[in-house]
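**Q** I have a structure I would like to understand better, so I am pasting it below and will then ask my questions one at a time.
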Amino acid sequence: MKVITLLSALLLGQASFAFTIEKIGSDISHPWGIAVLNDEEVLVTARAGALLRINLTTGQQRAVLPTPFVASFRQGGLLDVAYDERSNRVHLCYSKPLEGGTGLAIVSAKLDGYQLLTPKDIFVSNHRSPSGAHFGCRIVIDGNYLFASLGDRGDRSNAQNRFNHAGSIIRLNLIEPEPANTQQDWLPEIYSMGHRNPQGLALQPNTGHLWSHEHGPRGGDEINLIEQNNNYGWPTVSYGKEYIGGDIGLNSSPDGYTDPLWVWNPSIAPSGMTFYTGEMFPEWQGNLLIGALKFTSIYRIVIDPDSNLPVSEERLFNGEMGRVRDVEQANDGSILVLSDAPNGGLYRISR
11 MKVITLLSAL
21 LLGQASFAFT
31 IEKIGSDISH
41 PWGIAVLNDE
51 EVLVTARAGA
61 LLRINLTTGQ
71 QRAVLPTPFV
81 ASFRQGGLLD
91 VAYDERSNRV
101 HLCYSKPLEG
111 GTGLAIVSAK
121 LDGYQLLTPK
131 DIFVSNHRSP
141 SGAHFGCRIV
151 IDGNYLFASL
161 GDRGDRSNAQ
171 NRFNHAGSII
181 RLNLIEPEPA
191 NTQQDWLPEI
201 YSMGHRNPQG
211 LALQPNTGHL
221 WSHEHGPRGG
231 DEINLIEQNN
241 NYGWPTVSYG
251 KEYIGGDIGL
261 NSSPDGYTDP
271 LWVWNPSIAP
281 SGMTFYTGEM
291 FPEWQGNLLI
301 GALKFTSIYR
311 IVIDPDSNLP
321 VSEERLFNGE
331 MGRVRDVEQA
341 NDGSILVLSD
351 APNGGLYRIS
361 R
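Rendered as structure tokens:
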């Protein structure tokens, strides 16, 4: 355990706060997603295919079985996890081996201690690719619905195809089949389109709005407010550049496309996000916390309560935990963080 002190710039002035950073889980191979089970335990995915149940007090970690057979290469594998307390079900997003390559899939199962009972795929994307890039694969539960983000798999044209799951955010009804989208020229489960590689999804508690972030190319990482039937532009509109130089499409959104709320240039490589609602850091309530792989930090995004728009950012914990893959809030208001590395870890930030 280590304690650091950083100078935090707050809306009402400057103040110095001591934060405790505690490493709870260790030697986790490329951890990817966190789901809070209760006051004491969380589930953590490891990209190679393991699902771990970790005690936040003792640090004990045990495997939960069985997990799906995953295509673990490059950016693919066992990725995000969500837990539905009402039904005691676990939902896992993963890259599934299929004829013609891999597709994104979501499996659902009942949790019984360290077992997953009767696991069943509730979604398999219609796009298969040999590419190991741009899976997206964040999931969030909103009542009877599950939202999931899907990357373009490295093929830009996918994101503007209304009949292709790649490059979209989908919505599934967990109770009974019901289309999220009634437009005739969209697949019914596609909720929004025009996404490159969205690796962050979060519900804003006070509004119920769905927010997302996604990786741009060389620059142009975005935060978006996700609304049904909206097109977020990629690759027709991009605020980033080609890796070899030059523009990609337009750098402003014409009619029919939705502007991002926030853009990073240069890229921070965002991954994982949560709205903070706890009492441990009351000055952060309503703020958005986002992991940054590239800058090994957490970005705190201040949301104006009147406009509900981002107005400022603060970079926190620079280099303290490595490449930040996911950020979640524990039940006690502390902040849980995953570091992406071959021997990655689960950290808790508290005061």
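Residue numbers (the working numbering): 11 to 361.
Cβ coordinates follow ideal geometry from the N, Cα and C atoms, glycine included.
Give the DSSP bridge partners of ALA302, in chain order.
**A** Against the sequence shown, residue 302 aligns to sequence position 292. Note: ALA302 sits in a beta bridge opposite PRO280 and SER307.
**Q** Of the residues PRO107, GLU224, VAL150 and LEU319, which one's Cα is nearest the Cα of VAL80?
**A** One-based indexing of the sequence shown puts residue 80 at position 70. Cα-wise, what sits closest to VAL80 is PRO107.
**Q** Taking the beta strand (DSSP E) that THR112 falls in, what are its first and last residues?
**A** The count along the sequence shown starts at 1 and reaches residue 112 at position 102. Its beta strand (DSSP E) spans residues 111-122.
**Q** What's the gap between the Cα of ARG163 and the Cα of ASN353?
**A** Along the sequence shown, read from residue 1 onward, the residue named residue 163 stands at position 153. Along the sequence shown, read from residue 1 onward, the residue named residue 353 stands at position 343. In a straight line, the C-alpha of ARG163 is about 26 Å away from that of ASN353.
**Q** Could you give the uninterrupted runs of the alpha helix (DSSP H) lying entirely in the stretch 231-274, keeping only those of 4 residues or more?
**A** none
**Q** State the DSSP-derived secondary structure class of ALA351, mapped to helix, strand or coil.
**A** Numbered from its first residue, the sequence shown carries residue 351 at position 341. If DSSP states are grouped into helix, strand and coil, ALA351 belongs with coil.
**Q** Using a Cβ distance threshold of 8 Å, determine whether the stretch 175-182 contacts the stretch 201-208, with at least three qualifying pairs required.
**A** With the cut-off at 8 Å, the stretch 175-182 and the stretch 201-208 touch.
**Q** On a CA-only basis, which of SER105, GLY226, GLN85 and ASP195 is nearest THR246? Give me that one, please.
**A** If you number the sequence shown from 1, residue 246 lands on position 236. Minimum Cα distance to THR246 is reached at GLY226.
**Q** THR67: buried (16+ other C-beta within 10 angstroms of its C-beta) or exposed?
**A** In the sequence shown, residue 67 corresponds to position 57, counting from 1. Looking at its Cβ environment, which holds fewer than 16 other Cβ atoms inside 10 Å, THR67 is exposed.
**Q** Compare the C-alpha of GLU323 against each of GLU330, ASP314, GLY329 and MET331 and name the closest.
**A** Working through the sequence shown from its first residue, we reach residue 323 at position 313. For GLU323, the nearest C-alpha among the options comes from ASP314.
**Q** Just the Cα atoms here: how many angstroms apart are GLN339 and ALA302?
**A** Sequence index remark: in the sequence shown, residue 339 carries index 329 (1-based). Sequence index remark: in the sequence shown, residue 302 carries index 292 (1-based). Near 16 Å, if we compare the C-alpha coordinates of ALA302 and GLN339.
**Q** Since ARG63 sits in a beta bridge, which residues does DSSP pair it with?
**A** Within the sequence shown, residue 63 is the residue found at index 53, counting from 1. DSSP lists LEU53 and ARG72 as partners of ARG63.
**Q** Quick check on the DSSP output: the beta strand (DSSP E) that includes MET290 runs from which residue to which?
**A** On the sequence shown, residue 290 is found 280 positions in, with the first residue counted as 1. Where MET290 is concerned, there is no enclosing beta strand (DSSP E), given that its DSSP letter is neither H nor E.
**Q** GLU324 lies in the beta strand (DSSP E); which residues open and close that run?
**A** What you label residue 324 is simply residue 314 of the sequence shown in a count that begins at 1. Where GLU324 is concerned, the enclosing beta strand (DSSP E) stretches over 320-326.
**Q** Quick one: Cα of ASN275 to Cα of SER281, how far?
**A** Residue numbering aside, residue 275 sits at position 265 when the sequence shown is read from its first letter. Residue numbering aside, residue 281 sits at position 271 when the sequence shown is read from its first letter. Between ASN275 and SER281, the C-alpha separation is close to 16 Å.
**Q** Return the first residue and the last residue of the beta strand (DSSP E) that ALA92 is part of.
**A** Within the sequence shown, the letter at position 82 stands for residue 92. Note, ALA92: beta strand (DSSP E), 88-94.
**Q** Contact check, HIS137 vs ASN168 under 8 Å by CB: the rounded distance?
**A** Indexing the sequence shown from 1 puts residue 137 at position 127. Indexing the sequence shown from 1 puts residue 168 at position 158. Indeed, because the Cβ distance is near 6 Å, the residues count as touching under 8 Å.
**Q** Does DSSP put LEU16 in a helix, a strand or coil?
**A** By one-based count along the sequence shown, residue 16 stands at place 6. Its pLDDT being 41, under 50, LEU16 is placed unreliably in this model, and the value from its coordinates should be taken loosely. DSSP, read as helix, strand or coil, puts LEU16 in strand.
**Q** Please determine, among GLN70, ASP165, TYR249 and ILE34, the residue with the shortest C-alpha to C-alpha distance to SER141.
**A** Along the sequence shown, one-based indexing puts residue 141 at 131. Selection GLN70, ASP165, TYR249 and ILE34 evaluated against SER141 yields ASP165 as nearest (Cα-Cα).
**Q** Is SER82 closer than 8 Å to LEU114 when the C-beta atoms are compared?
**A** Counting from one through the sequence shown, the residue named residue 114 turns up at place 104. Counting from one through the sequence shown, the residue named residue 82 turns up at place 72. No, these two residues do not count as a Cβ contact at 8 Å.
**Q** Would you identify the three-state DSSP class for ALA212, choosing helix, strand or coil?
**A** As a position in the sequence shown, residue 212 is number 202, starting the count at 1. ALA212 falls in the strand class under three-state DSSP.
**Q** Contact check, ILE64 vs GLY43 under 8 Å by CB: the rounded distance?
**A** Along the sequence shown, read from residue 1 onward, the residue named residue 64 stands at position 54. Along the sequence shown, read from residue 1 onward, the residue named residue 43 stands at position 33. The Cβ separation is near 12 Å, so there is no contact.
**Q** Excluding the 5 residues preceding and the 5 following ASN328 in the sequence, name in chain order all residues of the same chain whose CB lies nearer than 8 Å to its CB.
**A** If you number the sequence shown from 1, residue 328 lands on position 318. Cβ neighbours of ASN328 beyond the five flanking positions: PHE305, THR306 and SER307.
**Q** For PRO78 and VAL117, I'd like the C-alpha separation in whole angstroms.
**A** One-based indexing of the sequence shown puts residue 78 at position 68. One-based indexing of the sequence shown puts residue 117 at position 107. Cα to Cα, the separation comes out at about 8 Å.
**Q** LEU356 by DSSP, collapsed to three states: which one?
**A** Within the sequence shown, residue 356 is the residue found at index 346, counting from 1. DSSP places LEU356 in strand when its eight states are reduced to three.
**Q** Consult DSSP for SER167 and reduce its assignment to one of helix, strand or coil.
**A** Position 157 of the sequence shown, counted from the first residue, corresponds to residue 167. The answer is helix: DSSP assigns SER167 an H, G or I state.
**Q** Going along the chain, which residues of its own chain have a beta-carbon closer than 7 Å to the beta-carbon of GLN295, five neighbours each way excluded?
**A** If you number the sequence shown from 1, residue 295 lands on position 285. Closer than 7 Å at Cβ, skipping near neighbours: TYR286 and THR287.
**Q** Quick one: what's PRO198 bridged to in DSSP?
**A** Walking along the sequence shown from the start, residue 198 turns up at place 188. Its beta-bridge partners do not exist; DSSP assigns none.
**Q** If we call anything under 8 Å between Cβ atoms a contact, is LEU271 one with LEU235?
**A** Here residue 271 is taken as the residue at index 261 of the sequence shown, counted from 1. Here residue 235 is taken as the residue at index 225 of the sequence shown, counted from 1. Yes, they are a contact pair.
**Q** Of all the options HIS40, ARG72 and ARG57, which has the alpha carbon lying nearest to the alpha carbon of GLU51?
**A** To locate residue 51, count along the sequence shown from 1; it is residue 41. Checked all of HIS40, ARG72 and ARG57; the closest Cα to GLU51 is ARG72.
**Q** On the DSSP bridge assignment, give the partners of VAL150 in chain order.
**A** As a working note, residue 150 is residue 140 in the sequence shown. Its beta-bridge partners are PHE157.
**Q** Is PRO76 closer than 8 Å to PRO3 when the C-beta atoms are compared?
**A** Within the shown structure, residues of the chain are numbered from 11 to 361, placing residue 3 beyond reach of any answer.
**Q** Using beta-carbon positions only, say whether ILE300 and HIS223 come within less than 8 Å of one another.
**A** Reading the sequence shown from its first residue, position 290 is the one you call residue 300. Reading the sequence shown from its first residue, position 213 is the one you call residue 223. Yes, the Cβ-Cβ distance between ILE300 and HIS223 is below 8 Å.
**Q** Roughly how many angstroms lie between the CA atoms of LEU62 and PHE145, to the nearest whole one?
**A** As a first step, residue 62 is located in the sequence shown; it is residue number 52 there, counting from the start. As a first step, residue 145 is located in the sequence shown; it is residue number 135 there, counting from the start. Cα-Cα distance, rounded: 22 Å.
**Q** Who does MET203 pair with in a DSSP beta bridge?
**A** Here residue 203 is taken as the residue at index 193 of the sequence shown, counted from 1. DSSP lists SER178 and ASN241 as partners of MET203.
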